[in-house]
Amino acid sequence: MKSYEKVFVDFLKRNNLKLTHPRSIILQAVFRNHDHFDIETLYDQIRVEHKNVSRATIYRTIPLLVEAGLIKNPLRQESKDRYEYIYGHRDHLHLVCSKCSKIIEAGSKQIEKLLAEIAQKHDFRIEEYNLVVSGICKKCLNK
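Here is the structure:
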């Protein structure tokens, strides 16, 4: 069992729930997906191989994955919540193109250092951060 599966199984047990076959399929699809995703896109990807997984099951499972600390919802684009898996990944910032909606993940030691300085100045402990910067990507700038 992969570590993220164990985290989810433990979470489900604590909440008197079970890892059903559809939940397992959804979990695997989320962790196979290296891009940000919305629920409808995830549903379309899953339905290619698993016709028996319903849209409703996906909508009910995603909040469980969020509550378990495996994914988060850092962005809202075009009236859709966009998710990413976070288990085993560091916080990072998102550069979002306002023309084509491309999402670029970026890490920055300078930003982490600045956030640490700000937190220290205000006697504050950062548990996580979500930084989204809107702008125009290189491809759209060159159009």
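Remember, my numbering sits 168 above the position in the sequence shown when you count from 1. Ideal placement from N, C-alpha and C gives every residue a C-beta, glycine not left out.
Note the first and the last residue of the continuous beta strand (DSSP E) segment covering residue i.
i           : result
residue 274 : 271-274
Return yes when the Cβ of residue j is within less than 8 Å of the Cβ of residue i, no when it is not.
i           : j           : result
residue 282 : residue 274 : no
residue 187 : residue 177 : yes
residue 210 : residue 226 : yes
What residue range is occupied by the uninterrupted alpha helix (DSSP H) comprising residue i?
i           : result
residue 178 : 171-182
residue 191 : 189-200
residue 226 : 223-235
residue 309 : 306-309
Taking the straight line between their C-alpha atoms, what separation do you get for residue i and residue j?
i           : j           : result
residue 266 : residue 248 : 15 Å
residue 208 : residue 307 : 26 Å
residue 309 : residue 300 : 19 Å
residue 230 : residue 220 : 17 Å
residue 276 : residue 179 : 32 Å
residue 222 : residue 190 : 8 Å
residue 288 : residue 279 : 14 Å
residue 228 : residue 195 : 12 Å
residue 264 : residue 250 : 12 Å
residue 181 : residue 239 : 18 Å
So if DSSP puts residue i in a beta bridge, which residue, or which two residues, is it bridged to?
i           : result
residue 262 : 273 and 300
residue 205 : 251
Report yes if the C-beta of residue i is less than 7 Å from at least one heavy atom of the ligand ATP; otherwise report no.
i           : result
residue 244 : Among the components modelled here there is no ligand, and therefore nothing to report on the ligand ATP.
Between residue i and residue j, how many whole angstroms is the CB-CB distance? I'm expecting something under 8 Å.
i           : j           : result
residue 255 : residue 237 : 7 Å
residue 296 : residue 259 : 5 Å
residue 218 : residue 271 : That belief does not hold up - the Cβ atoms of residue 218 and residue 271 are roughly 26 Å apart, past 8 Å.
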